[in-house]
Each structure stands twice: as structure tokens, then as C-alpha cells.
Amino acid sequence: MTHRSTSGGTVATVAVLGLVLVLALGLAACGAAPGDGGSGSPTSSSDQPKQGGTLTLSFLTEPSSLDPAIAWNVIDWQVEHDIYQGFLQYAHEPGQAGTELIPCLATEVPSTANGGISADGKTYTFHLRKGVKFQPPVNREVTAADFKYSFERMMLEPRAPATSFYMGVVGADEFMKGKAKEITGFKVVDDYTVEVTLKSPDLSFLNAVTMDFCDVVPKEWVEKWGKQFNRNPLGTGPFVFQKWTPGQEIVLTRNPQYWEQGKPYLDTIDYQLSFSPSTALLKLQRGEVDVLGDGVPTADLVRIQVDPKWKQQVFTQPLVAISYMFMNVQMKPFDDVKVRQALSWAIDRDKLVKLQGGQAMSLWQFYPKGMPGYEEGKVYYGYDPAKAKQLLAAAGYPQGFKTMLYTDNVDPNPKLWQSVQADLAAVGVQAGLKTMSNNTYYTQQGTPKTLTAGSFGWWMDFPDPSDWISPLFSKASAVEGGMNSSFWWSPELEKMFTDAQAMTDPAARIQKFTEMQAYIATQAPYVPCYQPIQTTMCTETTGGFYLHPVYQIDPTQYWKK
Amino acid sequence: MSYVPPEGPGSHKNIRGLEPETEIDLGLGSSSSAASEIASAVGAAGMWSPDALLIEHRSLWGEIWRRFRRDKFAMVGVVIIILLVLVAVLAPWIAPHDPTKQYDEGLTMQGMPVGPSSQFWLGTDTLGRDLLSRLMYGARVSLVVGVLANGFALVLGVIFGLTAGYFRGGVETLLMRMTDVMMAFPIILLAVALVSVLKPSIWILILVIGIVYWTPMTRVIHGEVLSIREKEFVDAARLTGCTNRRILSRHILPHLVAVILVYTSLGLATTILFEATLSYIGLGIQPPTPSWGQMISEGQPYYLSAPHLVIYPGLAIMITVLAFNLVGDGLRDAFDPQQRRR
């Protein structure tokens with residue numbers, strides 16, 4: 019023990035001052051009431067586009083891969099859209115107009131009218147633009163052979179998650195099984211013409227082929243980089259990859275030989291990674307960040323909406339996306355459909371919307387608003403805890419049961435799923451809640467027999483309900499690495515899907531998809547919770563800012579004022 | 326040391342009656358000051374009488390307690406700790422609300438937490454739960470984890486420190502170098518790794534914090550034992566044939582009580598803070614059980630719009646840690662024989 023003397027006087031003064039200061043701050047801050055919040059109206063920037071400048075966007079999660087054959091995360095595609103292109107693209111407009119397909123590297127969108135789609139609906143012909151070059155340093159012209167290479171490469175890639183969308187192409191089966199050296203249905207007619215033949219007509223094929231998986235990549239570059247290609251992307255798009263500092267930033271610069279005249283406007287796009295949404299907001303207010311990639315955090319929403327300086331800079335769009343609770347049918351007691359039906363009545367969706375400051379809509383069916391197949395006003399199940407308890411008792415669990423609930427640690431999920439946890443407790447289901455990092459969670463939900471129940475979300479890849487059924491409810495997706503977190507599928511649904519895909523009458527086909535939703539509801543593999551409303555901000559110097567229904571943030575169309 | 330003659334015939338005695346009674350320096354100073362004390366007492370009494378020679382018997386613990394009581398800050402710390410323990414123990418009875426109940430009226434129309442009101446004295450959190458009740462239940466978690474983790478660290482520290490300090494040699498080298506390695510570890514990273522591998526629960530938390538915190542205790546005890554074992558009464562005990570175990574338990578360990586007490590109370594401050602840190606980064610107590618660190622973590626995005634979510638748990642942690650530190654300092658001063666009498 020050492021001799022110690024305390025000068026009591028100084029300690030006392032400092033401690034008391036400190037306490038008083040903190041208490042004063044606390045009391046003063048408590049007096050501040052949250053504002054009433056009006057919604058910020060997006061003013062369209064009607065100035066003329068200017069060339070030059072750097073746009074800085076902030077995202078918390080960095081891409082897992084920039085190889086278009088493999089990547090399927092929202093942030094992956096966000097960056098890929100600047101670098102890679104395919105036959106077609108979506109019109110760069112907000113709202114419904116943005117779901118229309120327009121030509122990109124093809125000269126026109128194939129249709130029955132222009133002969134691009136054959137009379138029997140099975141053959142698609144794409145005429146390619148001439149003179150489109152791959153970005154430096156590859157620098158050579160893109161031909162039909164490049165498209166065939168890119169497509170076959172994607173189908174063979176073991177880590178490609180979406181090959182099921184393209185199994186309808188003639189010859190794909192044999193190619194995948196190793197019996198054929200090429201996909202016979204994907205034909206190079208000449209240097210600028212590609213012909214794709216399907217086994218049966220598929221009205222969603224044009225959408226499927228517009229997904230990033232079919233974007234064209236240069237063979238020599240891919241072979242040069244091998245496994246590192248996902249860190250060295252190169253395509254035909256308006257921006258060229260410069261560097262990727264892991265966990266920090268990705269920088270893209272203008273493509274000097276981009277084929278579209280006058281575009282892009284920006285010189286540089288800078289993706290700042292690893293900043294939480296709250297930090298990003300502070301940076302935006304200081305002018306260090308131009309666009310909030312992850313949106314405005316709920317905590318600050320009310321404050322921003324009443325701030326006269328910033329409320330004009332808030333942009334919203336309802337996302338064609340859903341957030342739901344999956345229930346793993348491989349694990350007890352979720353293998354019992356009665357239990358799943360009971361829990362479908364237990365969750366208070368309106369409260370989840372309220373917890374997000376109104377930046378969401380309650381969802382009572384599996385398709386979100388904006389997806390063809392959505393039934394206006396339809397409510398499958400509802401919120402009725404008493405009924406849920408009753409059904410649980412009928413299923414053999416009058417005292418409820420114990421289970422585990424999982425979610426990731428990205429705000430606002432931990433908060434929202436504590437609310438779900440409380441809802442479940444109210445009907446007798448004692449659920450422990452475990453959170454984990456986004457990447458870990460993504461892997462675990464795709465691992466069979468691992469997670470009992472938890473959160474998951476699905477954002478639209480293209481505006482057709484096959485983008486919902488195939489990845490979330492099909493047999494092919496109920497495997498390791500798939501997106502079918504409940505691992506549920508049924509032969510009836512498989513049949514309904516095959517039938518629907520073969521239909522040539524668009525209206526009848528969508529009707530069939532609506533029937534599928536009704537069937538799925540009876541089996542209740544998921545409990546749909548809400549549909550997010552994307553709310554984000556940009557600085558006043560960001561020109562041409564808008565939110566796109568498929569691309570969300572679309573920096574290839576923005577400029578710096 | 327003094328030689329205490331054995332008891333009279335017939336009474337229970339053992340051959341260890343020759344064992345020295347260990348004596349601890351009371352800090353009354355040398356005999357000269359004792360003499361002056363007597364003189365002043367005599368002077369005060371005004372006359373020379375047998376009663377004036379009676380000096381008030383001061384036991385060791387009485388003396389320590391007296392010194393401790395005089396330290397105002399330490400007493401403030403004690404009061405705070407008593408209040409804290411009372412709140413934690415009585416929480417189910419005195420908390421105004423259920424800490425996990427999410428109230429509809431606990432959120433504004435826009436889904437934001439409400440400030441202090443008549444129903445929610447300190448306001449609500451992001452899910453509409455009463456903050457005051459959560460603070461009270463959070464005290465339970467902090468205290469339980471803090472005390473148990475510290476106890477675990479204490480046991481480990483004492484065992485390792487005693488063994489290393491007393492037996493010396495290879496055992497000492499092994500144990501102390503192991504301790505050095507543990508101290509060099511970045512503790513947060515170690516805790517993160519351990520808690521990620523094992524399923525998070527309160528016992529794992531206690532284990533983790535205990536493992537990380539036995540090092541300072543070990544070093545201190547080791548140092549103390551090194552000096553104590555050189556004292557003459559230890560040699561004397563050995564001469565009379567005491568086993569190592571007896572020497573350790575009867576002669577050395579009592580000397581460590583002071584050190585243990587002081588470092589335990591200081592350590593409690595650290596373990597409580599560490600629990601808050603682990604809960605803050607999401608590795609400690611799982612929701613919806615409240616823990617002060619977790620409450621700060623949940624409230625952090627709202628620090629501009631609803632700062633009470635962060636301030637109150639922060640204050641709670643600060644006051645608790647301060648209280649334990651004050652008590653620890655007070656105990657240290659009270660035990661210190663060189664301390665000038667105040």
C-alpha cells in the first residue's frame with residue numbers, strides 16, 4: 019500500500035461542477051420537444067446539367083463483390099450499375115415510368131411488334147449498338163461473342179446465385195451438367211446480333227436478362243484477374259473503376275470513351291464506406307457527403323423535417339420491397355403450419371411503422387404495393403393477439419413455447435425486432451433475441467437448420483412477381499446459400515409457377531401469380547411485416563437528384579451544380 | 326512480535342502454542358508517542374489516578390473504521406452504494422413500471438420517445454419503455470455482474486498471486502509471465518472474441534470479465550506476498566513446523582485482507598464499467614433485459630433528438646463508478662499505517 023494523500027477540496031469542486039453541468043445539460047435537453055414534422059417536399063432541380071465535379075455517397079456496408087455473375091446485395095448492384103451494362107436498362111425516371119425497359123447496349127427493346135420476339139414467344143433477337151468499347155485499358159469493341167461469353171461464364175460460376183432465372187434457355191441444362199460445351203440457345207448470329215431461344219415463352223425474360231447477372235464483361239480481363247476480378251471490375255458503363263480501399267472507399271472516374279453523348283456529367287464518384295447513417299447525416303450537413311446511401315436515420319427524421327434549411331433536401335419513394343419474419347420449417351415448432359398461421363396474427367405491423375417514424379407501410383400480404391400481383395386492400399391474417407393465442411392452443415401450445423429470434427444489427431432492426439419479441443411474448447411465445455453483423459446474418463439465414471425465426475427483407479430486382487416467387491418460395495431456393503430463409507416449398511406452388519411462366523397473356527399470368535399468393539398465405543411460411551419507404555437526403559449542390567424504383571440511387575444521372 | 330505464553334494446564338493446547346501471534350502495526354507510532362499520549366491523558370485528567378492510566382482499547386478494525394468514517398468522500402460513496410443496492414434489490418417493488426413493457430403512449434405520434442412526464446418520470450426509450458424502471462433493473466445487472474465477476478477475478482488473483490509469491494521458483498515465473506501476457510492482451514478484443522464464440526449469457530459475461538481482470542489482483546497480491554514472506558514471523562512459523570498451507574492461510578492471508586478489500590472495491594468500479602462497455606458493443610446482456618451500457622447504445626442515435634436516453638444511464642454508471650472509487654480510496658487510506666492521522 020502506498021501512501022496517498024487526496025486534496026479533498028479540489029476533488030469535491032471538480033466532481034460537483036461536473037455533476038451540475040451534466041445535470042443541467044440533461045434537464046435542458048429534456049425540455050426540447052420533438053417537432054410535428056411535415057414531410058419535406060422534393061423540389062426538382064430544374065437547372066441545366068453541368069459537366070465535372072465529384073459526387074460523394076455514404077454507405078455503411080461495403081460491397082461483398084463487384085463480379086456481376088455473383089453479386090446480389092443492394093450495395094453491390096449500386097456500384098455495379100455505374101460500371102457494367104447489358105442489352106437493356108430501365109428508364110431513368112422516378113415512379114412507375116422507371117419500371118419501363120429501354121435499350122442500352124441493344125439498339126431496341128425486342129417485342130413482337132418489331133420482330134425482336136418471335137411469334138411463338140420463344141426467340142428473342144438483340145441487335146447490338148456498333149462502336150461500343152470496353153473501358154480502358156481493354157479498349158476494344160464489344161461484340162455478340164462477348165455477350166455469349168459473359169452469359170455462359172455466369173451460368174458456370176459455382177457461386178452464381180441466380181442461375182435458376184435462366185434455366186429456361188435452350189441448352190442450359192446440358193451445359194450446366196457438363197454434357198455440352200456451350201449453351202445452344204444463346205446464339206451469336208453475327209458480330210452485332212444475338213439470338214436467345216427459350217424452351218417455352220416467358221414474359222419475364224426481358225426483365226431477367228436486364229439483371230446485372232447478364233452484364234457484358236471482357237474475357238481477357240476476367241482471365242487476367244481470375245478470382246480477383248470481383249475487386250477489379252471493368253465493363254462498358256459511364257464510370258471506370260479506379261480503386262477500392264477495403265472498408266473505406268471506392269472511387270470511380272468518368273469513362274472517357276463512353277458511347278452515350280454528353281454523359282456522364284460527373285468526373286468522379288466517391289463511395290465512402292463504413293459510416294453509420296447518423297454519422298453520414300452529420301457529414302452531409304457539413305458538406306462532406308452529398309448523398310445519404312442508407313437514408314435518414316429514424317432518430318433524426320423528425321428533427322430534419324422541421325429544419326427549414328434541410329427539409330427541402332429530403333426525398334422519399336415507397337420501395338417495392340418487403341420486410342418479414344421467416345419461420346424455418348426445418349426446425350420445431352415451425353414445421354407445424356398451424357403454429358405459423360397462429361403467429362401470423364401476432365405481430366403488430368402498425369407499431370413497426372410507427373417505430374420507423376412513419377417511413378414504412380404495414381404489409382398484410384406477400385407482394386408489396388407496386389409489384390404486379392399486389393391485391394389492393396387485401397389482408398391475409400391481421401393483428402389479433404387473442405386469436406393468435408387461441409390458434410396456438412389449438413395447435414397444441416396452450417402455454418406457448420420457447421424459441422430464438424434473430425436479426426442483424428443494422429439500425430432500425432434491433433429496435434423493431436424487440437417490438438416483435440414483445441408481440442410474441444404477449445401471445446405466450448418466449449423468444450430470446452440475438453443480433454449479429456449483417457454479413458454473418460446473411461450467411462446464416464441461408465444455412466439449413468440454423469436459424470429458427472428472424473427478420474429478412476427482399477428488394478425488387480425487376481417489377482415482375484416471378485422475382486418474388488422464384489427466389490423466396492421455390493424448391494430451387496430452399497438450399498444452402500439460397501434466399502428462402504424458411505426453407506419452405508411445395509409441389510403445388512412449383513406447378514402453379516411453371517404454368518404461370520408458360521402463359522402468354524400478361525393479365526392472365528399476373529392473375530395466376532395472385533392466386534399463388536393466396537396459396538402461400540394458407541401455408542404461412544413468412545409473416546409479412548412492412549414495406550419500407552426509402553427516405554434520403556442530398557445536398558443542395560447535387561443536381562438532378564431523384565430516386566429510381568429499381569436502381570434507387572442513380573449517380574450516372576446526377577451532376578454537381 | 327510478542328511471545329504469547331500457552332494457556333494454563335487443562336486447556337486445549339497444541340504444540341503450536343509456541344506459534345507466534347502475528348501482530349499488525351496499529352500505527353500508534355513508537356513507544357515515545359505512546360508515552361506522550363499517556364502524558365497528555367494524564368494532564369487532561371488533571372490528577373494522577375488509576376483510571377487515568379486506562380487507555381481506551383483500540384482494536385485494529387475499530388481503528389480502521391474510525392479512520393474510514395472520518396473520510397467524508399468515502400462515506401458519501403458508502404451511502405451511494407447502499408442506496409444502489411437497495412434500489413437493485415427492491416426494484417421489483419419500487420419500480421413504477423415493468424421495464425420491458427412497451428407502452429403505446431410511450432411514443433409520440435412520430436414514433437419518438439417521450440420526455441419526462443407524470444406517467445414516465447424520466448421519459449421513455451425508443452420502444453416506449455419507462456426509463457426509470459429500466460434504470461432500476463439495470464442496477465441489478467450492473468451490481469450482480471460487477472460483484473460476481475470481481476469475485477471470480479479475486480479468487481483467481483489470490484490463488485495465483487499467493488502461489489507465485491510464496492513458492493517462488495518455476496511456478497512463480499510461469500504464473501507471472503502468464504499474467505504479463507494476459508495484461509498485454511487488448512482486453513476488449515479478447516472479450517469480443519470470447520463472447521462471440523460462446524453463446525452470450527450473463528454467466529459468460531461474468532466469466533469473460535473475470536478472466537480479463539484477474540491480472541491486476543495477481544500482481545498486487547504477488548508483490549505483497551513477496552514482502553510478507555520475508556518477515557520474521559513467517560520464518561518462526563516455519564521453524565515451529567507449520568505446513569505451507571497453514572502458513573498461507575493463518576499467517577499470510579490475513580495480511581492480504583486489507584489489499585484485497587481495497588482492490589476489490591476499486592475493481593468493482595472497473596468491472597461495472599467493463600460490463601457497460603461490453604453491453605454497449607452488443608456482447609453483453611441481450612435485450613429486452615435492461616443494462617445501462619445497452620441503454621446507452623440503443624439511445625445513441627437519438628443523442629440530438631432525445632438526449633435523456635443517453636444522459637441518465639450515463640449518469641448512473643458515472644455515479645456508481647465514482648462511489649466505488651471513493652470507497653476504495655477511503656479504504657486504502659484507512660488501512661495505510663503511514664497515513665497521518667486526521
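Taken in order, these protein sequences are the chains called A and B. Each number in the numbering used here corresponds to the 1-based position in the first sequence with 18 added. Each number in the numbering used here corresponds to the 1-based position in the second sequence with 325 added. C-beta atoms are modelled at their ideal positions from N, C-alpha and C, and glycine is treated no differently.
Distance between B:G609 and B:L530, taken at the CA atoms: about 6 angstroms. Neighbours of A:A404 across chain B, judged by C-beta separation under 9 angstroms, do not exist; the nearest C-beta is about 17 angstroms away. Counted as a single uninterrupted DSSP element, the stretch harbouring B:R544 is not any beta strand (DSSP E) but the alpha helix (DSSP H) occupying residues I527 to I553. A:D325 and B:A478 have their C-alpha atoms roughly 51 angstroms apart. Separation of the CB atoms of B:A399 and B:G592 is rounded to 16 angstroms, and the pair is thereby denied contact status at 8 angstroms.
Counting along the chain, the unbroken alpha helix (DSSP H) around A:I538 starts and ends at P524 to Q541. Listed by position along chain B, the residues whose Cβ is nearer than 8 angstroms to that of A:D318 are P626, L629 and S630.
By the C-beta criterion, the stretch 634-647 of chain B is judged not to be in contact with the stretch 494-509 of chain B, since fewer than 3 inter-stretch pairs fall below 8 angstroms. Between the alpha carbons of A:D164 and A:V235 lies a gap of roughly 7 angstroms. B:G490 and A:G244 have their alpha carbons spaced roughly 59 angstroms apart.
Residues of chain B whose Cβ lies closer than 8 angstroms to the Cβ of A:L373 are, in chain order, L432, G436, T451 and L452. Using beta-carbon distances, B:P615 does not count as an interface residue toward chain A, since no partner is under 7 angstroms. In chain order, G450, L451 and K452 make up the part of chain A whose C-beta sits under 7 angstroms from the C-beta of B:Q611. When Cβ-Cβ separations below 7 angstroms define contact, B:Q427 makes contact with chain A. Residues are counted here when their Cβ sits less than 7 angstroms from a Cβ of chain B; for the stretch 298-315 of chain A these are P315, given in chain order. Taking a contact as a CB-CB distance under 8 angstroms, the pair A:S484 and A:S222 counts as one, their CB atoms being some 5 angstroms apart. Rounded to the nearest whole angstrom, the C-alpha separation of A:L216 and A:L490 is 23 angstroms. Within a 10 Å sphere around the beta-carbon of A:T72 sit fewer than 16 other beta-carbons, which makes this residue exposed. Short of 8 angstroms from the beta carbon of B:M461, and not among the five residues preceding or following it, lie these beta carbons of its own chain, in chain order: V412, A413, A416, I419, A420 and P424. If one requires a minimum length of 4 residues, the alpha helix (DSSP H) runs lying completely within the stretch 468-526 of chain B are 494-509 and 512-522, in chain order. Listed along chain B are P626, each with a C-beta nearer than 9 angstroms to that of A:D429. For the set B:I389, B:V401, B:G548 and B:M542, the Cα lying nearest the Cα of B:G482 is the one of B:M542. Only residues of its own chain outside the window of five on either side were considered, and among them K420 have a CB closer than 6 angstroms to the CB of A:Q448, listed in chain order. The shortest C-alpha to C-alpha distance from A:L409 to any of A:L337, A:G388, A:N457 and A:Q359 is the one to A:Q359. Between A:I287 and A:P573, the alpha-carbon positions lie close to 8 angstroms from each other.
The C-beta of A:K199 has fewer than 16 other C-beta atoms within 10 Å across all chains shown, which makes the residue exposed. Here B:I389 carries a helix assignment [DSSP, helix/strand/coil]. Residue-level contact by beta carbon holds for A:Q436 and chain B, with a gap shorter than 7 angstroms.
Taking every protein chain shown into account, the CB of A:N346 has 16 or more other CB atoms within 10 angstroms, so this residue is buried. If you draw a straight line from the Cα of A:N132 to the Cα of A:T228, it comes to about 19 angstroms. A distance below 7 angstroms between beta-carbons, with the five flanking residues on each side excluded, links B:F660 to the following residues of its chain, in chain order: I389, A583 and V587. DSSP places A:W477 inside the beta strand (DSSP E), whose first and last residues are A471 to W477.
Within the DSSP secondary-structure output, A:Q549 pairs in a beta bridge with A:M379. Chain B has a Cβ within less than 7 angstroms of the Cβ of A:K433. For B:G607, the C-beta contacts it makes with chain A under 7 angstroms involve N427 and T453, in order along the chain. Pairing A:V371 with A:A406 gives a Cβ-Cβ distance that is not under 7 angstroms.
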